[in-house]
Amino acid sequence: MRRGKLHPITCAVPQFLGCTPCTMPRLLRREPGVPFPAATFKVDTVARRHTWSLIRHGCGCLFRFGPPMRKPALLIVAIVLLVAGLWVMRVVQTPKPQFAPQLSAPVAAAPAVTSARQVPRLPAFLPTEAMATIVLIQRGGPFPYPQDGAVFGNREQRLPERPRGYYHEYTVDTPGSADRGARRIVTGGTPPQSWYYSDDHYANFKSFQGPTPEQAP
């Protein structure tokens, strides 16, 4: 410790304590207005701190003044640790969210119908009523006429020669006709593998690609 230089100041303590100027010379044994050493400045070269001390005089007063806190870093560290601790407690106590699918997530598109399920495009020469007959053939009935599904003999040999029982005939409805009409579909194989259409009661046939058994509706 080393003592700083004494700075003579005029004592204001007597006035603060209510002393009158007439009593101050008697208490301090000095003439009014004469300055006296009232304070010392001490410097600690080791801790690098300083304090002000008001030396006791005849008035019997002693005052000490200290500098503000010189270690704000400790306060900052304490605050940071406190905040970090509160955050950790909150994270630990927070329940884990249950898995839930996002509502905004795009829904996977349904797979496209495979080629096996795609019904081939029917030729233009087939009437609209032929589609209903094809559907009934694929489903196995029920048919509107008892002759539907009967074996077609192919006596005129207008179709490729096959064993008897290979071909079967079905009625294609003719609007306005009082009977079965002249329009027919003849299939070959069970289930059908070849398809033929006749609009003149078996006089002529046109081949077309019908649905396979896997394409049945």
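Using the working numbering, the first residue of the sequence shown is number 1353, and each one after it goes up by one.
C-beta atoms are modelled at their ideal positions from N, C-alpha and C, and glycine is treated no differently.
Check                                                                                             : Outcome
Closest residue to Asn1556 among Tyr1522, Gln1509, Glu1513, Gly1540 (Cα-Cα distance)              : Gln1509
7 Å Cβ shell around Arg1446 - same chain, five flanking residues per side excluded                : Reading off the sequence shown, one finds Thr at residue 1446, where the question assumed Arg. Result list for Thr1446: empty, nothing under 7 Å.
Val1524 vs Ala1482 beta-carbon contact at 8 Å                                                     : yes
Local Cβ density within 10 Å of Tyr1549, reported as buried at 16 or more and exposed below that  : buried
Per-residue burial, Ile1489 [other beta carbons within 10 Å of its own, 16 or more giving buried] : buried
Arg1491 versus Pro1544: straight-line alpha-carbon distance, rounded                              : 12 Å
Local Cβ density within 10 Å of Gly1505, reported as buried at 16 or more and exposed below that  : exposed
Near the ligand PLP: Ala1484 beta-carbon under 7 Å from a heavy atom                              : Of the ligands one can find in the structure shown there are none, so the ligand PLP has no counterpart to examine.
Inter-residue Cα distance where the pair is Gly1562 and Tyr1519                                   : 15 Å
Residues that Phe1560 bridges to, as DSSP identifies them                                         : Trp1547
Within 8 Å, strictly: CB atoms of Thr1485 and Ile1537                                             : yes
DSSP bridge partner residues for Thr1523 (one or two, in chain order)                             : Arg1536
C-alpha gap between Leu1438 and Ile1431, whole angstroms                                          : 11 Å
Delimiting residues of the alpha helix (DSSP H) encompassing Thr1485                              : 1481-1491
Beta carbon of Asp1552 nearer than 8 Å to that of Ala1530                                         : no
Segment limits, alpha helix (DSSP H) that includes Arg1442                                        : 1424-1445
Given Arg1516 as reference, the closest of Leu1474, Lys1558, Gly1541 once Cα atoms are compared   : Gly1541
Top-ranked residue by Cα proximity to Phe1495, from Leu1474, Tyr1522, Arg1473, Thr1526            : Tyr1522
Candidates Arg1532, Glu1513, Ile1428, Ala1425: closest to Ser1546 by CA position                  : Glu1513
Residue burial classification, Met1426 (beta-carbon count within 10 angstroms, cutoff 16)         : Checking the sequence shown, residue 1426 turns out to be Leu, not Met. Exposed, because fewer than 16 other Cβ atoms sit within 10 Å of the Cβ of Leu1426.
Identity of the residues DSSP links to Ala1502 by a beta bridge                                   : Glu1521
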